[in-house]
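What follows is one structure encoded as structure tokens, with my remarks underneath.
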Amino acid sequence: RKFKTIIHPGEVNRIRELPQNSNIVATHTDSPDVYIWDLESQPNRPVNLGTPASRPDLTLTGHQDNAEFALAMCSSEPLVLSGGKDKSVVLWSIHDHISTLATEPGSAKSTNSGSNIKKAGNGNSDNPSIGPRGIYLGHEDTVEDVQFCPSSAQQFCSVGDDSCLILWDARAGLTPVTKVEKAHNADLHCVDWNPHDENLILTGSADNSINLFDRRNLTASGVGSPAHKFQGHDAPVLCVQWSPHNKSIFGSAADDGLLNIWDYEKVSKMETEIGGKKSNHPAGLFFRHAGHRDKVVDFHWNSIDPWTLVSVSDDCSSSAG
83 RKFKTIIHPG
93 EVNRIRELPQ
103 NSNIVATHTD
113 SPDVYIWDLE
123 SQPNRPVNLG
133 TPASRPDLTL
143 TGHQDNAEFA
153 LAMCSSEPLV
163 LSGGKDKSVV
173 LWSIHDHIST
183 LATEPGSAKS
193 TNSGSNIKKA
203 GNGNSDNPSI
213 GPRGIYLGHE
223 DTVEDVQFCP
233 SSAQQFCSVG
243 DDSCLILWDA
253 RAGLTPVTKV
263 EKAHNADLHC
273 VDWNPHDENL
283 ILTGSADNSI
293 NLFDRRNLTA
303 SGVGSPAHKF
313 QGHDAPVLCV
323 QWSPHNKSIF
333 GSAADDGLLN
343 IWDYEKVSKM
353 ETEIGGKKSN
363 HPAGLFFRHA
373 GHRDKVVDFH
383 WNSIDPWTLV
393 SVSDDCSSSA
403 G
């Protein structure tokens, strides 16, 4: 059932919900800006030819080039994280907008504080925008995905087309805390931080594999090998996500149209030789959904039912199971 239609200014490449308020979502399109929407207050729009786009409730500025995919919301505070083609990771606080609603145009704080509010590009003060709290530089190519540490709003990670996994801490400044130079042998497309064990981080790559990193084994100089490499896709991995219910379970989706479910605790068991012969089954893989006819671009675990997921594909369909 459709509850409301919002006409987005440009295609929706990524959408993320604010954990503290499910009515607030952030979206990425083919633009440097991040759009914030209050779904409850947004008017229901008729879909007619020539109908102008809906107006976002807040625009987050700070990227110098398109930021199309890398987008995350913090689980404990109203913080938004983004990455883009300008090779930067940008951090905002929605509170910076709330705290300056009474600020008159022209008397905003410095953009360095991230607490500025200004008129939107069309000059309409009803559509405000805010600058970032921090712009983090360390990647040498497009940033493809970002993720907050589940236990800390100050820590986050990013991956990019430079094959790097970078860990950041806002308290330590704007430069990387840890940078893994060769996390994969190709572009990195996705990253996720384990909500049950904050030492474990997953990365997915154009080399068709998923790497599991233990940050206790990483050094500031970028030295560190994955704890395990999962190989069960025949095309670039586009999305990885830990289960919110089981600490060792995660899913992966790829260009091959598959959604795979893995259990890293089964890896050692499946890799043991039985009768002198090693299994051809990918270590750790215990379920494969092959219902899509094109690449699976995103999926999400059901927060209530441990074994229910929803996925979306370029075959113009969604699938739940």
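When we follow the numbering used here, the leftmost residue of the sequence shown carries the number 83, and every step to the right adds one. Built from N, CA and C at the ideal position, the CB exists for glycine as well.
DSSP three-state call for residue i: helix, strand or coil?
{"i": "K167", "result": "coil"}
{"i": "E99", "result": "strand"}
{"i": "S395", "result": "strand"}
{"i": "A268", "result": "coil"}
{"i": "S234", "result": "strand"}
{"i": "A154", "result": "strand"}
{"i": "S385", "result": "coil"}
{"i": "T379", "result": "A small correction: the amino acid at residue 379 is Val; Thr does not occupy that position in the sequence shown. DSSP places V379 in strand when its eight states are reduced to three."}
{"i": "V129", "result": "coil"}
{"i": "K191", "result": "With a pLDDT of only 38 at K191, under 50, the local geometry of the prediction cannot be trusted, and no value is derived from it."}
{"i": "A317", "result": "coil"}
{"i": "S136", "result": "coil"}
{"i": "E347", "result": "helix"}
{"i": "A365", "result": "coil"}
{"i": "I356", "result": "Summary for I356: the model assigns pLDDT 47, below 50, so the residue's position carries little reliability, and this model does not support an answer."}
{"i": "N328", "result": "coil"}
Got a sec? Which residues, its chain only, sit under 6 angstroms from residue i by beta carbon, not counting five neighbours each side?
{"i": "L249", "result": "C239, V259 and T260"}
{"i": "L161", "result": "S175 and A235"}
{"i": "V94", "result": "T109"}
{"i": "E122", "result": "N105"}
With a threshold of 7 angstroms on Cβ separation, who are the neighbours of residue i within its own chain once the five nearest residues in sequence on each side are excluded?
{"i": "E99", "result": "V107 and M155"}
{"i": "C231", "result": "Q237, F238, W275 and E280"}
{"i": "E186", "result": "Legend: pLDDT at E186 = 41, less than 50; position of this residue unreliable, value from coordinates given subsequently. Hits under 7 angstroms: none found."}
{"i": "H271", "result": "E226, D227, G286, S287, A288, P318, V319 and L320"}
{"i": "N148", "result": "D112, S113, P114, G166 and K167"}
{"i": "D251", "result": "Q236, Q237 and V259"}
{"i": "E347", "result": "S330"}
{"i": "H177", "result": "P160"}
Do residue i and residue j have their C-beta atoms closer together than 8 angstroms?
{"i": "E385", "j": "P326", "result": "Checking the displayed sequence, the identity of residue 385 turns out to be Ser instead of Glu. Yes, the pair counts as a contact, with Cβ atoms nearer than the cut-off."}
{"i": "L142", "j": "D115", "result": "yes"}
{"i": "H310", "j": "A336", "result": "no"}
{"i": "H179", "j": "L131", "result": "no"}
{"i": "I89", "j": "R127", "result": "yes"}
{"i": "I40", "j": "V172", "result": "Nothing about residue 40 can be reported from this structure: the residues present for the chain run from 83 to 403 only."}
{"i": "S395", "j": "G339", "result": "yes"}
{"i": "W119", "j": "P134", "result": "no"}
{"i": "D376", "j": "D345", "result": "no"}
{"i": "S170", "j": "V225", "result": "yes"}
{"i": "F151", "j": "H110", "result": "yes"}
{"i": "D168", "j": "Q146", "result": "yes"}
Just grab the DSSP bridge partners of residue i for me.
{"i": "A108", "result": "R98 and I118"}
{"i": "G216", "result": "L173"}
{"i": "L294", "result": "L284 and H310"}
{"i": "S334", "result": "V322 and N342"}
{"i": "T260", "result": "L249"}
{"i": "S370", "result": "The amino acid occupying residue 370 in the given sequence is Arg; Ser does not appear at that position. R370 is bridged to N342."}
{"i": "L161", "result": "S175"}
{"i": "G242", "result": "V225"}
{"i": "D289", "result": "Paired residues: none, contrary to the question."}
{"i": "V273", "result": "T285"}
Which residues in the same chain as residue i place their Cβ atom closer than 8 angstroms to its Cβ, once the five residues preceding and following it in sequence are excluded?
{"i": "N267", "result": "S245, S287 and D289"}
{"i": "G273", "result": "What sits at residue 273 in the sequence shown is Val, not Gly. Here the set comprises D227, V228, Q229, C239, S240, V241, L247, I283, L284, T285, G286 and V322."}
{"i": "F381", "result": "C321, Q323, G333, A335, L341, L391, V392, S393 and V394"}
{"i": "A265", "result": "V241, S245, C246, L247, T285, S287, N293, F295 and P308"}
{"i": "V129", "result": "T87 and I89"}
Using a Cβ-Cβ distance under 8 angstroms, would residue i count as near chain D?
{"i": "H310", "result": "Absent here is chain D; the protein component of the structure consists of one chain."}
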